[in-house]
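Shown next, in structure tokens, is the structure this report addresses.
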Amino acid sequence: MPIVEGLSFAYVLHELPPGRLPFRRWRWELWHGPRLEAAGWRLSERDAQRALRTHASRVGHRIFGLGEAAPDPGTPDFRPGAAVRVRAGAVAFALVPRQLERPDPLATLI
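This note's numbering puts the first residue of the sequence shown at 2, with every later residue one more than the last.
See below:
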């Protein structure tokens, strides 16, 4: 089966501040260029990472007109802020932290 390479998505993954609810929540966002493809929150960091990988897989397959395929369930967890490679069916993609993708606007002033 041929593999489509070179696709990358930006992501944001962070813990939400405590609120009225007595449990921790993790917010995630999936970006492809300037477009927000998916966003949500989960009760655990692991579930938020799984949601990122699943939605990135769906979007990647949709971009190339392929049927959906779930990411490999054996994909290890990653630390928020790390760039990771994921292979899901016929699509391989990178998840890159969004803050690493954009240049710092203040860096040009220094």
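The beta-carbon is built from N, C-alpha and C at its ideal position, and this holds for glycine as well.
May I ask you to list the residues that DSSP assigns as paired with residue i?
i, result
"Ser9", "Ala95"
"Ala39", "Leu31"
"His56", "Answer by DSSP bridge pairing: none, since His56 is not bridged."
"Glu16", "Trp27"
"Arg88", "Ala93"
Assuming residue i contacts residue j under a Cβ cut-off of 8 angstroms, what Cβ separation, rounded to an integer in Å, is found between them?
i, j, result
"Leu67", "Leu96", "Actually they are not in contact, since the Cβ atoms of Leu67 and Leu96 sit about 19 angstroms apart, beyond 8 angstroms."
"Val87", "Thr76", "6 angstroms"
"Arg26", "Trp42", "5 angstroms"
"Phe94", "Ser9", "6 angstroms"
Residue i: buried (16+ other C-beta within 10 angstroms of its C-beta) or exposed?
i, result
"His15", "exposed"
"Ala49", "buried"
What residues in its chain sit with their C-beta under 6 angstroms from that of residue i, if we drop five residues either side in the sequence?
i, result
"Ala11", "Trp32, Val97, Arg99 and Glu102"
"His56", "Leu31 and Ala39"
"Val85", "Phe79 and Leu96"
"Gly61", "Leu8, Val92 and Phe94"
"Pro19", "none"
"Arg36", "none"
Is residue i helix, strand or coil by DSSP?
i, result
"Ala49", "helix"
"Phe82", "Correcting the residue type first, residue 82 is Gly in the shown sequence and not Phe. Coil, per DSSP."
"Arg21", "coil"
"Gly61", "helix"
Excluding the five sequence neighbours on either side, which residues of its own chain have a C-beta within less than 8 angstroms of the C-beta of residue i, listed in chain order?
i, result
"Leu44", "Phe24, Arg25, Arg26 and Trp27"
"Pro81", "Leu14, His15, Glu46 and Pro98"
"Ala83", "Pro98"
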